[in-house]
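Shown next, in structure tokens, is the structure this report addresses.
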Amino acid sequence: MEAKTAAPIAQDVVDRFAAIVGKPHCISDPEQLRTYECDGLTSFRARPGLVVLPGNTAEIVQVVKLARAEDLPIVPRGSGTGLSGGALPIPGGIVLGLSRMRRILEIDFDNQWMRVEPGVINLDISKRIAPHGYYYAPDPSSQQVCTIGGNVAENSGGAHCLKYGFTTNHVLGAKVVLADGNLVELGGPVLDGPGYDLRGALVGSEGTLCVVVEVTLRILRKPEATRTFFATFPSTDEAGNAVSLIIAAGIVPAAIEMMDRLAIVAIKAATGVDWPDVGAALLMDVDGPLAEVEHTAAEATRWAQEAGALEIRVPRDAAERDVMWRGRKSAFAAMGRISPNYVVQDGVIPRSEIAPVLRQIAQLSVSSGLRIANVFHAGDGNLHPLVLYDAAVPGQEALAEHTAGEILEICVRTGGSITGEHGVGADKAPYMTSMFSDDDLATMNMVRCAFDPDVRMNPGKVFPTPRLCGDRPGKYVPHATETTGLAGRG
Amino acid sequence: MHATSDARVAILGVVPRVVHAPVNADECAEIMTACAREGLSVGIIGGGTELSLGRPPAALDAVIRTRAMARVLEYAPADMVIRVEAGVTLAEVQAVTRAERQMLALDAPHPERATLGGLVATAGYGPRRARYGAVRDLLIGVTLIRADGVCARGGGKVVKNVAGFDLPKVVCGSLGSLGLIATANFRLHPLPEVAQTAIFPAISAETAASLVNRMRQAQLEPASAVAIGQGAGALDLGVRFEGFDKAVAHQMKRLRELGPSEALSEDAAARFWKRHDEARTGGALRIRIAALPSHLPATASLLSPLFAALHGAHFVAYATLGLTFVTGEIADVPAATAALLAARSALTGSGGSLVVDDAPADVRANVDPWGPLPGSFALMSELKRRFDPERRLNPGRFIGGL
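So the protein lines, in turn, are chains E and Y. Sequential numbering of the first sequence, starting at 1, is according to the numbering used here. Sequential numbering of the second sequence, starting at 1, is according to the numbering used here.
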């Protein structure tokens, strides 16, 4: 797809940005700008006017102030791994890349928090504290490359958020630069600062409120033990039933992931794992104190068998466990082995609806003629259908996009959500109206306007139609019939 | 729709002209719309368990009581999610979910009276927050009736959901200043098979902090760890484990390796937790302190001038969280006032806070309930202005007079 473009930014303005961040960190060459035309959602492209890569907070403040003076929109960007077009540039606008902000600033093991810059890679956080027996819980599949700043923007999840929660449950505070250039602390390592929970508003706001320059994260002591098992089933019906039985038994697995036949085929082709060709598989972790894990692992195994498991494999050692998990986490990329192109969908359904919804998705596959692989976080009903297509076949890309959209409608009809972890971004903004009324969206917009009344930060994302702030929401104006006494209210 | 005048329904001594008791969200929105039309200020009361919070409202024309909005709207045990109206009490939710061996993992005080709407608005919690998190971690969706009567939803009915801004987080702890929480959706947890409590009796704050540290090192996962004392000198640290029978027994055994503790019988454990409830909620003065958990000894010594100015004082520390309550009767008003201000100044200096949940009028006269404004106050103010531009919702009661 061709990138949307706009008039270039005047050279004297470019020079002023370059003076702030240093010439090597200010990219305006059209060829180099190409790298930043899209994020992980490559079907949406736009050419930014300028990419700036500041190295510290003071530079970010100056960049934001200059962008404001020049009335340029700002799109913050981490590693660009997002899958909803959250970091899609505004044509001719500023992309503020945070990849140079990658220092770990402070670690307090006794009180279980650390302070990091937004460009730190998710996995590097856990790696840094692992020797001390600690880890950072949210583990998106892209954790080897995605940044913590991007995780904050998207409220990223991951396989292990079933038990431990999402990014929002692990961010204690943040230092942010507002659109007017002011530096503000939201929350912090001490709980319950008086006032509104603004860091709660920040996490998951997809870069539309401010620029995060520091994040205070909760870190966890490693559990005493972890047990993993891999179970195969004739079809997703039995696998879905196994998930229900395990949860109904009062077990909260650390993770419980499902893969269907097509996903297994792709993962095998890509990673060489020796999984059998079956209709469905579950990969499950339980963790906690040793005695608890022994109990829950045995119980979960029993319920999987009860549900009709064909085979249950327990990894012999940590290395074998890593191979199993690598297989799961490489699932999206593995689709490249079985299809030239694919659309990654992200939707949520109530867990009890897994089996019927998967059957509806199978019907969509038949009616569209496109193969659909399913690999997902079964414990919390977060589906990731992968709609496979060939862009070389005219019309197939549009058909794939349409089919992926129909899956979202199924999610909403069952009482679920249009996104569980990839975010709304540019991709799903049009679907927001299927979940939220205009009043709901207007209310969310009030939060945005409190932070960024000029709508300078990542405009055009999340909301289905452009929304402005106006200086002041209007005072209540009664309808003419009320003032004349023809009709009453309340 | 019932509208009455009732002098007993007062917020911090301010009596409303009219009291409404809507039975559902629609009725509630109609009332709010009518109040908007007439420019009336509105206070909101749930179970009335935390009416002493904050400053007296600057204006209070109408009060909306939510207790008659008391239906459980949806409960899907297989999905472990419940949707309730604001006036449902915590005890009612626990009774409904217990039947399915589930629970709302919230153990705030006064469960028989405290409503879910009120618990969201005040960000209420109990000792088990140590394990399960705060209301913000359990709330997955809300319906908010805005100051202009518009009904807005945020979040949803599934635990995992990142569609749109997180309105549920924004309203947690907002004390009725942004809108009326009409319905709330929560994630549930499995009801633990068993629960057991052990206490480390008569230990110092230093020992308590060190034990908490060593529990974490030992990879124990208590549901709660609470140190209680009359003053902060000799503390009884109660540690509760819950879950599957074998796992609890194993952790109780490991706990004994850390120091001289005593496993409590079911009755003794119930008495310990009742003592916690009474210590935390009794007294004319009730304050809430937040500091880093490792600062527990510093917090304890910081409070000795305050204890000297109280009688019947209690110290209740949620040791893994760094949250501490002090309650008691005021023996010496000037000394208590000075001690509160000095403690607050020291705590805020190290990133913490001291909030006065309740105090007699002569202490309130000199000690603001919320304390100094955070650096983000301008942003909070702007949030309030966007939601309630005419400042009609609980005006003046929240931090900085929001």
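From the three backbone atoms N, C-alpha and C, an ideal C-beta is built for every residue, glycine too. Given the structure is predicted, the values throughout are model-derived calculations rather than measurements.
The way I'd put it, the stretch 124-132 of chain E doesn't touch the stretch 77-87 of chain E; fewer than three beta-carbon pairs between them come closer than 8 Å. Around the CB of K175 of chain E, 16 or more other CB atoms lie within 10 Å, so the residue is classed as buried. Contact annotation: the stretch 107-119 of chain E touches the stretch 205-220 of chain E, with at least three C-beta pairs closer than 8 Å. For W113 of chain E, there is no enclosing alpha helix (DSSP H); the enclosing beta strand (DSSP E) covers residues W113 to V116. If you compare the alpha carbons of E:F436, E:I361, E:V64 and E:S367 with that of N374 of chain E, the shortest gap goes to E:I361.
Burial of R136 of chain Y is indicated by the presence of at least 16 other C-beta atoms within 10 angstroms of its C-beta. The DSSP-derived three-state label of R218 of chain E is strand. With respect to V63 of chain E, G164 of chain Y sits apart: the two C-beta atoms are not nearer than 9 Å.
Beta-bridge partners assigned by DSSP to E154 of chain E: none are found. Listed along chain E are V190, each with a C-beta nearer than 8 Å to that of A291 of chain Y. For P356 of chain E, the uninterrupted alpha helix (DSSP H) segment begins and ends at I354 to S368. For C146 of chain E, the nearest beta carbon of chain Y is not closer than 9 Å to its own beta carbon.
Residue-level contact check: V63 of chain Y does not touch chain E, since none of the beta carbons of chain E fall below 9 Å from its beta carbon. Contact annotation: L235 of chain Y and A284 of chain Y have beta-carbon atoms that are not nearer than 9 Å. Take F332 of chain E, set aside five residues on each side of it, and the residues of its chain with a beta-carbon closer than 6 Å to its own are V344, in chain order. Bounds of the alpha helix (DSSP H) holding H295 of chain E are L290 to E306.
Under the Cβ criterion of 9 Å, W273 of chain Y is not counted among the residues facing chain E. Here the C-alpha atom of S367 of chain E lies approximately 23 Å from the C-alpha atom of G336 of chain E. Assignment of L51 of chain Y by DSSP, reduced to helix, strand and coil, places it in the coil class. Below the 9 Å Cβ cutoff, chain Y contributes L379, E382 and L383 as neighbours of F451 of chain E, in chain order. Listed by position along chain Y, the residues whose Cβ is nearer than 8 Å to that of A355 of chain E form an empty set, because the closest Cβ is around 12 Å away.
Counting along the chain, I407 of chain E sits inside the alpha helix (DSSP H) bounded by residues Q396 to R413.
Below 8 Å, enough C-beta pairs join the stretch 401-421 of chain E and the stretch 153-167 of chain Y to call them touching: three or more. Three or more beta-carbon pairs drawn from the stretch 285-304 of chain Y and the stretch 350-366 of chain Y are found closer than 8 Å, and the two stretches are therefore classed as touching.
Excluding the 5 residues flanking it on each side, P76 of chain E has same chain C-beta neighbours closer than 6 Å at L96, G207 and V211, in chain order. Around the CB of Q363 of chain E, fewer than 16 other CB atoms lie within 10 Å, so the residue is classed as exposed.
Shown in chain order are the members of the stretch 159-171 of chain Y whose Cβ falls below 9 Å from a Cβ of chain E: V159, K160, N161, V162, A163, G164, F165, D166, L167, P168, K169, V170 and V171. By the CB criterion at 9 Å, R240 of chain Y and A225 of chain Y fall inside the cutoff. Nearest neighbour of I410 of chain E by Cα position, chosen from E:I349, E:P459 and E:K428, turns out to be E:I349. When C-alpha distances from D285 of chain E are compared across E:F233, E:G272, E:A304 and E:F229, the shortest belongs to E:F229. For the pair L373 of chain Y and A336 of chain Y, the CB atoms are not nearer than the 9 Å cut-off.
Secondary structure at I121 of chain E: strand, using DSSP grouped into helix, strand and coil.
Here R392 of chain Y is not near T443 of chain E, since their CB atoms are 9 Å or more apart. The stretch 166-174 of chain E and the stretch 147-155 of chain E touch, with no fewer than 3 CB-CB distances between them shorter than 8 Å. Here the C-alpha atom of G49 of chain E lies approximately 5 Å from the C-alpha atom of P8 of chain E.
For P56 of chain Y, the secondary structure class from DSSP, reduced to helix, strand or coil, is coil.
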